[in-house]
Amino acid sequence: MKNYLLPNRFKSIGWALFMPSFISGIIILSTDFKWVETEAHLPAVYYDDFFGDRAFFTLAKTSIVQNITAILLIAGGLILGFTREKVEDEYITSLRLKSVMWSMLISYVLLLLLYLTVYGLFFLNIMVICMFLPLVLYIFRFHYLLYKNKNN
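Here the working numbering runs 18 ahead of the position in the sequence shown, where the first position is 1.
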């Protein structure tokens with residue numbers, strides 16, 4: 019496991035990317051908050067306009083704030099999830115494994131329940147949340163276990 023982890027100095031970079039994008043993502047999903055008109059034409063492999071044209075390899079008009087938020091959330095989350103702790107031993111590795119298993123179990127049990135109870139266009143918001151949920155839960159669970167371990 020040691021060979022696949024980034025050096026510990028990347029942890030602050032991960033937090034700097036992850037937390038603002040996490041808060042921004044919550045604001046975007048939970049409110050009808052309109053950022054300054056931030057639509058841009060971005061390159062797309064495939065574009066399907068809602069009730070409109072479909073095209074391959076085109077420029078798609080989309081909200082750049084949502085894209086930047088998602089990219090930073092994933093990048094920050096991956097950096098945080100794969101950065102060594104100052105002391106990386108077998109116990110920390112077992113905490114990582116337990117956190118991954120816990121986050122996957124919670125994510126997919128929640129997804130199963132939502133499949134049975136949420137319908138319509140709101141379900142698309144649920145799918146967006148479920149895209150990020152395993153990574154976010156893993157990060158919070160792992161760091162919670164580290165915090166709990168340090169205080170015991």
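Glycine residues also receive a C-beta, built at the ideal position from the N, C-alpha and C atoms.
Remember, it's a predicted structure, so these values are computed and weren't measured experimentally.
| Check | Outcome |
| --- | --- |
| The ligand FAD heavy atom lying under 8 Å from the CB of Thr76 | This structure simply doesn't include the ligand FAD, nor any ligand for that matter. |
| C-beta atoms of Phe160 and Gly99 nearer than 9 Å | yes |
| Presumed contact (8 Å Cβ cut-off) between Phe36 and Leu91, rounded CB distance | 7 Å |
| Residues that DSSP places opposite His59 in a beta bridge | Lys79 |
| Extent of the continuous alpha helix (DSSP H) to which Glu103 belongs | Unbroken run through Glu103: none, as it is neither H nor E. |
| Boundaries (first-last residue) of the alpha helix (DSSP H) holding Phe28 | Per DSSP, Phe28 belongs to no alpha helix (DSSP H) and is neither H nor E. |
| Beta bridge counterpart(s) of Asp71 as assigned by DSSP | Partner(s): none; Asp71 has no beta bridge. |
| For Phe150 and Val83, the rounded distance between their alpha carbons | 16 Å |
| Cα-Cα separation between Ile31 and Ile97, rounded to whole angstroms | 8 Å |
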